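Undergrad:
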Amino acid sequence: MNFFGGSSKGIRFEAFGISHLIVIGILVICIIGLFLVRNKLKELNLRKAEFVIAGFLVCADVLYNIWMVKNDIWRVSDSLPLQLCSISLYLVIILLLTRKKLVYEIVLFTGILGAMQAILTPYLFFGFPHFRFIHFFSTHSLIILVPFYFTWVRGYRPTLSSIGKVFIFLNILMPFIIFINKKTDGNYMFLGGKPETKSVLNYLGDYPYYIVSLEGVLLVLSLLLWLGLREKSKKVLKGTEIGM
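With our numbering applied, the sequence shown corresponds to residues 472 to 715, in that order.
#1: Please determine if the region 517-525 and the region 555-568 are in contact, where contact requires at least 3 C-beta pairs separated by less than 8 Å.
#2: Between the Cα of Cys530 and those of Ala586, Pro679, His491 and His606, spot the shortest distance and give me the residue it belongs to.
#3: Within 10 angstroms of its Cβ, does Leu613 collect 16 or more other Cβ (buried), or is it exposed?
#4: Indicate the three-state DSSP secondary structure (helix, strand or coil) for Phe621 in the structure shown.
#5: Using a Cβ-Cβ cut-off of 8 Å (strictly less than) and excluding sequence neighbours within five positions of Leu700, which residues of its own chain qualify?
#6: For Gly714, does the three-state DSSP call read helix, strand or coil?
#7: For the alpha helix (DSSP H) that contains Pro666, what are its first and last residues?
#8: Expressed to the nearest angstrom, what Euclidean distance is found between the alpha-carbon atoms of Trp538 and Gly476?
#9: Are the beta-carbon atoms belonging to Ser693 and Ile649 less than 9 Å from one another?
#10: Assign Phe506 to one of three DSSP states: helix, strand, or coil.
#11: Buried or exposed for Pro618, going by 16 or more other Cβ atoms inside 10 Å?
#12: Could you check whether the region 639-653 touches the region 591-603, counting it as contact only if at least three pairs of C-beta atoms, one from each stretch, sit closer than 8 Å?
#13: Give the DSSP bridge partners of Phe487, in chain order.
#14: What residue does the alpha helix (DSSP H) around Thr569 start on, and which one ends it?
#15: In the DSSP assignment, what are the bridge partners of Phe597?
#16: Is it right to say Ile590 is buried, meaning 16 or more other beta carbons lie within 10 angstroms of its own, or is it exposed?
#17: Look at the Cβ atom of Thr581, then the Cβ atom of Leu528, and state whether they are nearer than 9 Å.
#18: Excluding sequence positions up to five away, which residues of its chain have a Cβ less than 8 Å from the Cβ of Leu534?
#19: Quick one: Cα of Gly714 to Cα of Tyr575, how far?
#20: In terms of residues, what are the limits of the alpha helix (DSSP H) holding Leu690?
#21: By how many angstroms is the C-alpha of Gly585 removed from the C-alpha of Ser550?
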């Protein structure tokens, strides 16, 4: 097996195979662990760590493009960083470098929801221990973990208006992506058709109606995520303490 090669022969990715389940398990443990040690992490100066993670993501993306070019699989139709998770990756890098609240509000939803869906139903053909497997799951895991870190450790919180900002961002982005798809004969953000592998899109109707259905699903999931991570009101907290 060529670690940096372009063939998946003999190392084909298997959805919910052992390596896939291990990765999902590690991610779940990391999320739970981050939540459990959040108060201890608040006491530390983690600015250098934020820069290191941002640097890792930049290097991972550069290596990914080098891998595609080296193996003659880089194509303008599907290799530009215009998939939702690619966009979220760049937003995570910007968030780590700038700590901008607006970037957090967007990537909290696009990153966590998009990357979780990608990890559960990955558009991936290379299994462990190929470079692409490691790249895919490490970057997508960080796209999820970084917004949780900014929520639980840095103290950022989403508001209802955050959901509105996400939808404005996505609906401004959508016409541009559709234009690029037409010019490149691509399918970025799957706005031109469903992916070859199984995903949630298989249950949302035919093209182009699944795009509208997907926005409805995104709204419901965004509201649930907001409910779970929003800042609890002082009255609710006080009432909880009295009840205890």
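Even for Gly, the Cβ is constructed at its ideal location relative to N, Cα and C. Keep in mind the model is a prediction, meaning the values are calculated, not measured.
TA: Let me lay it out:
#1: When C-beta atoms of the region 517-525 are compared with those of the region 555-568, three or more pairs fall below 8 Å, so the two segments count as touching.
#2: The sequence position of residue 530 within the sequence shown is 59, counting from 1. Restricting attention to Ala586, Pro679, His491 and His606, the CA atom closest to the CA of Cys530 is found in His606.
#3: Translated into the one-based positions of the sequence shown, residue 613 becomes position 142. Buried.
#4: To locate residue 621, count along the sequence shown from 1; it is residue 150. Three-state DSSP puts Phe621 in a helix.
#5: Taking the sequence shown and counting its residues from 1, the one referred to as residue 700 is at position 229. Sequence-distant Cβ neighbours of Leu700 in its own chain, meaning closer than 8 Å and more than five residues away, are Leu579, Thr622, Arg628 and Pro629.
#6: The residue labelled residue 714 in the question sits at position 243 within the sequence shown. At Gly714, the pLDDT of 43 sits below 50, so the modelled position is not reliable; the number obtained from the coordinates is stated separately. Note: Gly714 maps to helix in three-state DSSP.
#7: Position 195 of the sequence shown, counting from 1, holds the residue named residue 666. Neither: Pro666 is in no alpha helix (DSSP H) and is coded neither H nor E.
#8: Against the sequence shown, residue 538 aligns to sequence position 67. Against the sequence shown, residue 476 aligns to sequence position 5. Distance between the alpha carbons of Trp538 and Gly476 is about 8 Å.
#9: Counted from its first residue, the sequence shown places residue 693 at position 222. Counted from its first residue, the sequence shown places residue 649 at position 178. No, they are not a contact pair.
#10: Residue 506 sits at position 35 when you count from the first residue of the sequence shown. Phe506 sits in a helix when the DSSP states are folded into three classes.
#11: To locate residue 618, count along the sequence shown from 1; it is residue 147. Pro618 counts as buried, since no fewer than 16 other beta carbons sit within 10 angstroms of its beta carbon.
#12: Counting Cβ pairs under 8 Å, fewer than three are found: no touch.
#13: As a position in the sequence shown, residue 487 is number 16, starting the count at 1. Under the DSSP definition of a beta bridge, Phe487 lacks any partner.
#14: Taking the sequence shown and counting its residues from 1, the one referred to as residue 569 is at position 98. Note, Thr569: alpha helix (DSSP H), Leu555 to Thr569.
#15: The residue labelled residue 597 in the question sits at position 126 within the sequence shown. In the DSSP output, where bridge partners are listed per residue, Phe597 has Arg483.
#16: What you label residue 590 is simply residue 119 of the sequence shown in a count that begins at 1. Buried, because 16 or more other Cβ atoms sit within 10 Å of the Cβ of Ile590.
#17: Within the sequence shown, numbered from 1, the residue matching residue 581 stands at position 110. Within the sequence shown, numbered from 1, the residue matching residue 528 stands at position 57. Taking 9 Å as the cut-off, the beta carbon of Thr581 is found no closer than this to the beta carbon of Leu528.
#18: Taking the sequence shown and counting its residues from 1, the one referred to as residue 534 is at position 63. In its chain, beyond the 5 residues on either side, Phe602 and His606 have a beta carbon closer than 8 Å to the beta carbon of Leu534.
#19: Working through the sequence shown from its first residue, we reach residue 714 at position 243. Working through the sequence shown from its first residue, we reach residue 575 at position 104. Here the model assigns Gly714 a pLDDT of 43, short of 50, so the residue's position is not dependable and the matter cannot be decided.
#20: For this step, residue 690 is matched to residue 219 along the sequence shown. Bounds of the alpha helix (DSSP H) holding Leu690 are Tyr680 to Leu700.
#21: The residue you call residue 550 lines up with position 79 of the sequence shown. The residue you call residue 585 lines up with position 114 of the sequence shown. Cα-Cα distance, rounded: 18 Å.
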